[in-house]
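Position 79 of the sequence shown, counting from 1, maps to 79 under full-length UniProt numbering, and the rest follow consecutively.
Ideal Cβ placement from N, Cα and C applies to all residues, glycine included.
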Amino acid sequence: MANPKLKSVGKPSQNSNVIARHNPAAAVKTAYSPAEREEIFRRFSVQRPEPKGELEHSNPFTLVVAVALSAQATDVGVNKATRALFKIADTPEKMLELGEEKVRDYIKTIGLYRNKAKNVIALSQMLVDQFGGTVPETRDELVRLPGVGRKTANVVLSMAFGQPTMAVDTHIFRIANRIRLAPGKTPDEVEARLMKVIPKHYLYHAHHWLILHGRYTCKARRPECERCVIADICKSPEKSWDMAAPLVELPPQVIGEAVE
């Protein structure tokens with residue numbers, strides 16, 4: 001099939017920028033009208049009705065550890081390292097019993113493994129000493145844990161405790177700016193804007209939809225626009241295709257088989 005002729009992106013309509021009424025200075029920048037945003041996430045919901053994160057874990061503690069280890073590493077690499085580790089240390093108490101040196105041995109294939117092993121032991125100790133061995137359910141408490149930043153805390157709040165959050169990783173940051181959904185200069189800025197522009201009833205799964213879309217379709221180097229279900233709506237000046245891919249439900253995810 002010939003490449004469909006691209007339409008001019010043009011300027012966003014007046015309805016595309018939503019101004020927060022309680023704070024006129026807090027303009028939410030987006031190139032999409034409310035109806036367009038609704039349609040974007042409706043299509044994502046059809047394509048992936050039950051999206052999941054791709055880090056292997058068995059409980060909130062192993063999730064915290066896995067996400068903390070994933071900084072500057074791929075989910076595939078983290079999963080390979082943690083499979084054996086979590087079989088013998090799936091609680092803070094067991095991790096402390098294992099010790100920092102042995103934790104290092106398990107995760108030595110991950111970048112910055114020495115510092116990460118130190119943080120795993122330190123956060124395990126804090127969980128035991130200050131939280132009774134359980135993972136806290138608030139962002140303020142989570143970010144106190146060594147090696148846990150806002151992004152990690154947001155992932156845990158969403159995946160472990162069912163709270164609608166937006167953990168802005170490299171994929172989400174790229175997509176928010178590339179397609180002009182919620183452009184921003186920092187992850188925190190993008191997070192705040194996405195939380196305002198995403199329709200509330202889609203917010204819980206939006207984090208995973210955007211990550212998976214960025215990982216498998218809207219890739220960093222060579223976005224596969226011809227496979228994109230929102231190609232006809234997308235306002236990215238980089239896009240190379242103007243026809244939406246067929247909207248069908250994808251096969252269920254197999255955790256542990258993510259791409260690098």
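query: How far does the alpha helix (DSSP H) with Asn-59 in it reach, from first residue to last?
result: For the purposes of this step, residue 59 is taken as residue 59 along the sequence shown, with counting starting at 1. From DSSP, Asn-59 is part of no alpha helix (DSSP H); its letter is neither H nor E.
query: In three-state DSSP terms, what is Val-28?
result: The sequence position of residue 28 within the sequence shown is 28, counting from 1. Looking at Val-28 - three-state DSSP - the assignment turns out to be strand.
message: Could you tell me the alpha carbon to alpha carbon distance between Leu-157 and Thr-165, rounded to whole angstroms?
response: Position 157 of the sequence shown, counting from 1, holds the residue named residue 157. Position 165 of the sequence shown, counting from 1, holds the residue named residue 165. When rounded, the distance between both Cα atoms is 7 Å.
field: Pro-92 to Leu-127 span [Cα, whole Å]
entry: Here residue 92 refers to the residue found at position 92 of the sequence shown. Here residue 127 refers to the residue found at position 127 of the sequence shown. The alpha-carbon of Pro-92 is positioned some 7 Å away from that of Leu-127.
- prompt: Is it true that the CB of Cys-228 sits closer than 7 Å to the CB of Ile-179?
  reply: On the sequence shown, residue 179 is found 179 positions in, with the first residue counted as 1. On the sequence shown, residue 228 is found 228 positions in, with the first residue counted as 1. Cβ distance not < 7 Å, so Ile-179 and Cys-228 don't count as in contact.
- prompt: For the candidate residues Ile-175, Gly-53, Thr-62, Ala-84, whose alpha-carbon lies nearest to that of Cys-225?
  reply: In the sequence shown, the residue the question calls residue 225 occupies position 225. Nearest to Cys-225 by C-alpha distance, out of Ile-175, Gly-53, Thr-62, Ala-84, is Ile-175.
- request: Express the C-alpha separation of Phe-61 and Ile-107 in angstroms, rounding to a whole number.
  value: Against the sequence shown, residue 107 aligns to sequence position 107. Against the sequence shown, residue 61 aligns to sequence position 61. Ile-107 and Phe-61: Cα-Cα distance of roughly 16 Å.
- request: May I have a chain-ordered list of the alpha helix (DSSP H) segments no shorter than 4 residues that lie completely inside the segment 48-93?
  value: You should have 60-69, 75-88.
8 Å contact criterion, which Ala-68 and Thr-82 should meet: CB distance rounded: Along the sequence shown, read from residue 1 onward, the residue named residue 68 stands at position 68. Along the sequence shown, read from residue 1 onward, the residue named residue 82 stands at position 82. Taking the Cβ atoms as the reference, Ala-68 lies roughly 11 Å from Thr-82, outside the contact range of under 8 Å.
- prompt: Buried or exposed: where does Trp-37 fall if 16 or more other Cβ atoms within 10 Å of its Cβ makes it buried?
  reply: On the sequence shown, position 37 is the one that residue 37 refers to. The sequence given here has Arg at residue 37, not Trp. Arg-37 should be labelled buried.
- prompt: By the 10 Å Cβ neighbour count, where 16 or more other Cβ atoms means buried, how is Asn-115 classified, buried or exposed?
  reply: Counted from its first residue, the sequence shown places residue 115 at position 115. It is exposed - the Cβ of Asn-115 has fewer than 16 other Cβ atoms within 10 Å.
field: Assumed close pair Phe-41, Ala-206 - CB separation to whole angstroms, cut-off 8 Å
entry: In the sequence shown, counting from the first residue as 1, residue 41 sits at position 41. In the sequence shown, counting from the first residue as 1, residue 206 sits at position 206. Confirmed, about 6 Å.
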